[in-house]
Amino acid sequence: MTDLPKVNLKELKKQKELNFKQRLEFIDKYSDWLDKTPNKKWSKQQKAMIDINKPLKLSSPAGKYNIKKKD
Amino acid sequence: MEIKIIDNIYYINNKLITELDTLVIDFISVLDKYNIKYVIISGYVAILFGRSRNSEDVDLFIEKINYNTFEKIWIELCNDFECIIEDNMKDAFYEYLNQGLPLRFSKKCTFIPNMEIKTPKDELDIWSLRNRKEIRLNNNHKIYISPLELQIAYKLYLSSEKDIEDAKHLYNRFKNKLDNKLLNYFVKELKVTIKFRKYLL
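Keeping their order, the protein sequence lines are chains A and B.
The first sequence runs 409 to 479 under our numbering.
The second sequence runs 327 to 527 under our numbering.
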């Protein structure tokens, strides 16, 4: 294995913290938008986002794959 | 976002119902039918109030019930749901719910999202069930959730990035409507004062 990147954990930690800070800032911005947006409008966007992950039906009951406590 | 709070009931109207909302509404309609007291405690509370994320499960506490009652809800749930943890009704009750272990129910032939039910274990759980808040969704569906003051502090206690974001979302939504004494109590008791100041204020 050649040319593998060096991992800079200190830098990654900094980036992770910055990313989280930016996500919290987004929540504030999103909150401001929610404040002035009617329920019908914001929920339309939320529905589009949530329902895109509409549950996929399995070919047989999911219970068939039960992982029981006693196993 | 328009939320009206009248007589301690939160009214959310004109919300488009998502698949996740439908899962919750269908599940709790069975609990309501048999007058089983429940409270939703999970990230779904933040999602119900507009948070821009999805969830693979919805957590709720139900009051302790006997086997006869459990049998009734199990049979009723089996019309539309399946228990993905245990398919034997007796084992589901005696080896899981009655032992304080959670059960997960999903719509038939799906794994996710699912409803995770458990019985209250400690004083906080019992308090949240006793003091649950009523939501009226689109003037049609009644949904009971944990008091927001506890929900916010508890999310900070759990403290994953997702949980802190949920707490921030709920705090932003309701900061002028919260019972600050109650919120401070839970923040102090759960020892999340520093996180509260750092992330929410």
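All residues carry an ideal CB built from backbone N, CA and C; glycine is no exception.
Asked: Quick one: grab the DSSP three-state call for B:ASN440.; Found: strand
Asked: For the beta strand (DSSP E) holding B:VAL365, just list the boundary residues, first then last.; Found: 364-366
Asked: Are at least three pairs of beta-carbons, each pair with one atom in the stretch 451-470 of chain A and one in the stretch 417-435 of chain A, less than 8 Å apart?; Found: no
Asked: If you count every other CB in all the chains shown that lies within 10 Å of the CB of B:LEU374, and 16 or more means buried, which is it?; Found: buried
Asked: Any idea what DSSP makes of B:PHE419, helix, strand or coil?; Found: helix
Asked: Determine whether the Cβ of A:ASN447 lies closer than 9 Å to any Cβ atom of chain B.; Found: yes
Asked: For B:ARG377, does the count of other Cβ atoms within 10 angstroms reach 16, so buried, or fall short, so exposed?; Found: buried
Asked: Alpha carbon to alpha carbon, how far is B:ARG379 from B:ALA372? Give it in angstroms, no decimals.; Found: 9 Å
Asked: Return helix, strand or coil for B:ASP385, following the three-state DSSP convention.; Found: strand
Asked: Between the alpha carbons of B:SER381 and B:LYS517, how many angstroms are there, rounded?; Found: 27 Å
Asked: Output, in chain order, the set of chain B residues within a Cβ distance shorter than 7 Å of A:LYS462.; Found: GLU345
Asked: Starting from B:TYR470, follow its DSSP beta bridges and name the residues at the other end.; Found: B:GLU460
Asked: Measuring only the C-alpha atoms, how far is B:LYS409 from A:ARG431?; Found: Correcting the residue type first, residue 409 of chain B is Cys in the shown sequence and not Lys. Between B:CYS409 and A:ARG431, the C-alpha separation is close to 35 Å.
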